[in-house]
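Working notes, beginning with the structure itself.
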Amino acid sequence: MSLIVLLLLPFLGSCLAAVLPHNARNAESILAGLVALVGTVQVALMYPQIADGGVIREEFLWLPSLGLNLVLRMDGFAWLFSLLVLGIGTLVSLYARYYMSPQDPVPRFFAFFLAFMGAMLGLVISGNLIQLVFFWELTSLFSFLLIGYWHHRADARRGAYMALMVTGAGGLCLLVGALLLGHVVGSYDLDKVLASGEAVRQHALYPVLLPLILIGALSKSAQFPFQFWLPHAMAAPTPVSAYLHSATMVKAGVFLLARLWPTLAGSEEWFWIVGGAGAITLLLGAFAAMFQNDLKGLLAYSTISHLGLITLLLGLNSPLAAVAAVFHILNHATFKASLFMAAGIIDHESGTRDIRRLSGLIRLVPYTATLAMVASASMAGVPLMNGFLSKEMFFAETVFISSTAWVEAALPVIATLAGTFSVAYALRFTVDVFFGPTAQDLPHTPHEPPRWMRAPVELLVLTCLVVGIFPAQSVGPLLAAAALPVVGGTLPEYSLAIWHGWNAPLIMSLIAMCGGVVLYLLLRKQLRRGRFPYPPLIERFNGKRLFEHGLVRLMLLARRVEGVLTTRRLQKQLFMLVLAAFIAGLMPVLYTGLTWGDRPKIPGSGVFVALWLIAIACAIGAAWQAKYHRLAALIMVSVCGLMTCITFVWFSAPDLALTQLAVEVVTTVLILLGLRWLPRRIEGVSPLPGSQERARLRRLRDLLLAVLVGGGMALLSYAMLTRPTPNDISSFYLSRALPQGGGTNVVNVMLVDFRGFDTLGEITVLVAVALTVFALLRRFRPPKESMQLPAQQRQLAPDVVTDLINPRHATDTALGFMMVPAALVRLLLPIALLVSMYLFMRGHNQPGGGFVAGLVMSVAFILQYMVAGTQWVEAQMSLRPLRWMGTGLLCATLTGAGAMLLGYPFLTTHTAHLHLPLLGDVHVASALFFDIGVYTVVVGSTLLILTALAHQSVRAYRPSSPQRTNPQQSSQAGAA
């Protein structure tokens, strides 16, 4: 299986899970488990290819000129993480089958879960920095959806929001850092970045890009000072917590630190920032974990502490410490996933996670208790457990570090103290919960869970034991393959033996275990009685409170700025917007100056000058009449558009002229529909004292700004037009349009091929604008004077109300004096469709194309609405503009993706000559399908705006008392 198929598999499974029925819990868990299991097997089969430092690489060209290609890259380290993501994902899928309630929206859970798995997998195997940041932000988005899965709970909503804010902000910093790193290296390709460590560390931008990247990594892995968000993410379902803490999300930060270790590590800045944050987090998380009364809260703070341990190891600038970090990443994933699942079983069976209420459960759930105690011993670093081995390596690195004297003395103390705390909270997890008198006041009487719910815990605990007892034989080769890419060269010598003799790390382990037992015994009674609702000494540094306080301050500041810079008056807002744009354009002109070119002038003619004099007069007249007569202003603006269209024809640009003409028709009609709902001018009202003088000053100010902006744009245009333009741009397109784009219409070939990515962005913006207009008009209520019907319309109101109730029998508003136009308009619809198809099919070689063809089709639909009325049209035709828009975007995107699957850059055009019966030779370019997307998006967007405006008129006929309408009426228009 290729890497691209491996990456797409979870996302395809997510889409399939989303459409499964609500009660298909077995089918959804089986689907998620099979997707993860198939991926796990395929990753395992790739081991021979990466075992000896090999790299599996797949590259799909997208924007090679910008260094933005889809690159999938798997080395030993990415292989290990992929195995964790998919392997633990398989176990969590099985566990979630029994944990999730049938009343929960299970399809949504597994859809989010699989998408989250795909996002993390994409992050791990990304071979391009920008692509890595993209998947990085996807993990934040899907974790937000999973943490807030039980959105009816306030703590889930707050936890999800906090996680998204912190990790999302860190992701923005990471994006800036990645852009700087790519600039320094000269490429965003990960292979080149990893090979440029010395050049990056010596570059002047290194002190700038390093903190930005580290902010992203530390915030993702909940390292100091960003550690506060992770405990609040415990509001998520336990399967999510198990997956998030063991193999995904919070591991993404330490993955990035290890991934970029060959490039960024080895400097003093790296040592102090990464090592300092790791040391503080290691102690802070372990200390806070001892005082947690919630099982998941205890495990959450222990995760923070263990991630701090990994971060500290990576910050020591030692290859052996980096190997130990990779080893602990693997060990932590196994025992932490099993502990969270065990905590979920206890909660699921007893109805509570409060440690103060739980005791003696070993008599009620003996198998689960045994499994939890073994995993907890691994977390505490007890010998013969996998956690002991990586903890010994950590202790050894803190003892034998070479640094300043106080660092050499402090690090072993910090490590031993953190080990003491870990033993104490591990004892609290096991002794307080499973031993002592049997709890009597539990919501439910605990019993062993279903056999297959416990199976994932058993498998993970067995892994802890096997690795702990037979480390060299079980995990030795895997660790070597995974650590080799991290150290960026030759692996240092290390031993995975259980016994290394009596040495300093072993003595530190014994001190930590004995100290942890004593500390637990000293605190047990006070903790059991709830004496410490918050961890002592650090309760004043509540991260959640600081975060929420900072948000409140930012909101207050934003409101003050908004009060100063904004107003509800549209005129003032437009003035400030135009003024800001004028200043932004004026600054570079003042700095560099503005000069004219010596390009020869094109001789004009009297007709051409007369046309533009008419356009100038209409523009001035429109500005003047906008205050007094809106319809007259719109007519004069349309004349300006017509003059522009004639200008395009004059300069031999028929494509632009045709498009301009269609745009003018559509926009004029839509503006006409919107003008009706503007409030009428109130005449005969006595002005307030001094208001006329202020109005004159305001108009004079606006006139001055309009003259400055208009004159400035004229000067800029004149300066550009008088300068000679390089011929290589036009000759490039002219010479390559037919052989590379497959068409002789250079404008169309540019839009759908050479600049197809721009066009894809433009139609995406068009869809966003249409949806925004529709959303705004759904909440819009016309002013009362616009809703007052004329006498003739008021007589027709009863019939129209009947149409609202039963739109299938809607009255044709064209009956009577509009019958002749109605007949012509209905005959025009198939003719317009034919003309539209003609313009569409000829667009690649002659004037036309998907955009203008879509506008022509939109005009035909608009005429139907204008003549026959909203209700009649929607009763006769099921238009559904949302489907038009979605289909168009999908078609355009799939056209570009198809080129990538064939190994070409995104949206590369391919041509074919087909011999068809009767038709003969037919020339077909893949850009045809992209143009189909443009066509459908234009039609759908125009229809959505049209129906949103048209439904305003429906409200005018509604009686004052609310009446229920047929819900099918709105669906026929696509929404509304």
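Numbering-wise (our numbering), the sequence shown opens with residue 7 and increments by one. Every residue, glycine too, gets a C-beta built ideally from N, C-alpha and C. Keep in mind the model is a prediction, meaning the values are calculated, not measured.
Cβ neighbour criterion (16 or more within 10 Å) applied to residue i
i       : result
Gln880  : It should be pointed out that residue 880 corresponds to Glu in this sequence rather than to Gln. The residue in question, Glu880, is buried, as its Cβ has 16 or more Cβ neighbours within 10 Å.
Pro804  : Because the pLDDT of Pro804 is 45, which lies under 50, any placement of that residue in the model is unreliable, and the number read from its coordinates should be weighed accordingly. Counting Cβ neighbours within 10 Å, Pro804 comes out exposed, since fewer than 16 surround it.
Trp508  : exposed
Tyr307  : buried
Arg704  : exposed
Phe476  : exposed
Pro836  : exposed
Thr914  : buried
Met726  : exposed
Ala378  : buried
Leu359  : Before going further, note that residue 359 is Arg rather than Leu in the sequence given. Arg359 comes out buried.
Ser408  : exposed
Leu527  : exposed
Arg657  : The question names Arg, but residue 657 is Phe in the sequence shown. Exposed.
Gly1018 : Here the chain has residues from 7 to 982 only, and residue 1018 is not among them.
Ile589  : exposed
His815  : Its pLDDT being 43, under 50, His815 is placed unreliably in this model, and the coordinates cannot settle the point.
Cys470  : buried
Residues that DSSP places opposite residue i in a beta bridge
i      : result
Thr917 : Ala931
Leu69  : Leu74
Ile62  : Met80
Asn134 : Asp195
Asp360 : Asp300
Sequence-distant residues of the same chain with beta carbon closer than 6 Å to residue i, five excluded per side
i      : result
Asp438 : Ile361
Leu667 : Cys651
Val191 : Lys198, Val199, Ser202
Ile351 : Thr374, Pro455
Ala57  : Ala487
Met906 : Phe66, Phe912
Reference residue i, options the options, closest by Cα
i      : options                        : result
Pro418 : Pro268, Leu92, Ser697, Glu398  : Glu398
Leu262 : Val492, Tyr526, Leu289, Pro827 : Val492
Glu143 : Gly522, Leu215, Val199, Met255 : Met255
Leu40  : Leu92, Pro325, Ala564          : Leu92
Phe66  : Val11, Leu37, Val112, Ala102   : Val11
Ala621 : Leu320, Met649, Pro923         : Met649
Leu484 : Leu709, Gly522, His334         : His334
Gly647 : Leu664, Ala330, Ser658         : Leu664
Ser501 : Thr601, Glu554, Ser396, Asn32  : Ser396
Ile951 : Phe867, Ser273, Pro372         : Phe867
Ile286 : Phe232, Thr572, Leu305         : Phe232
Thr953 : Ser884, Ala918, His919, Met906 : Ser884
Asn337 : Ser149, Ala956, Phe394         : Phe394
His985 : Ala743, Phe763, Ala776, Tyr212 : A query on residue 985 cannot be resolved here, the shown segment of the chain reaching from 7 to 982 and no further.
Close beta carbons around residue i, own chain, < 7 Å, minus the five adjacent residues each side
i      : result
Phe401 : Ala421, Pro511, Met514, Ser515
Ala228 : Trp235, Leu236, Val256, Ile310, Leu313
Thr819 : Unreliable placement is indicated for Thr819, whose pLDDT of 48 sits below 50; the coordinate value is still reported in the next sentence. For Thr819, where only same-chain residues beyond five positions count, the Cβ hits under 7 Å are Ala874, Gly875, Trp878.
Thr404 : Leu417, Pro418, Ala421
Ala638 : Gln631
Leu525 : Thr426, Ala430
Leu802 : With a pLDDT of 46 at Leu802, under the threshold of 50, the modelled position of this residue cannot be trusted, and the question is left open.
Same chain only: Cβ atoms within 8 Å of residue i, ignoring 5 sequence neighbours per side
i      : result
Thr942 : Gly860, Trp890, Met891, Thr893, Gly894, Cys897
His921 : Asp927, Val928
Phe230 : Leu224, Ala283, Ile286, Thr287, Leu290, Gly314
Meets three-Cβ-pair contact criterion under 8 Å: the segment 30-48 and the segment 179-188: no
Tell me whether the segment 73-82 and the segment 128-147 touch, counting them as touching only if at least three CB pairs, one residue from each stretch, are closer than 8 Å. Proximity of the segment 73-82 to the segment 128-147 meets the contact definition, three or more beta-carbon pairs being nearer than 8 Å.
Mind the definition here: the segment 723-730 touches the segment 599-609 only if three or more C-beta pairs lie below 8 Å; say whether that holds. yes
Does the contact criterion of 3 or more C-beta pairs under 8 Å hold for the segment 451-458 versus the segment 19-26? no
On the three-pair Cβ rule with 8 Å, is the segment 318-337 touching the segment 265-285? Yes, they touch.
Cβ pair count under 8 Å reaching 3, the segment 925-941 against the segment 90-107: no
Does the segment 836-848 touch the segment 633-648, meaning 3 or more C-beta pairs lie closer than 8 Å? no
Is there contact between the segment 163-171 and the segment 239-247, where contact requires at least three CB pairs shorter than 8 Å? A contact exists between the segment 163-171 and the segment 239-247.
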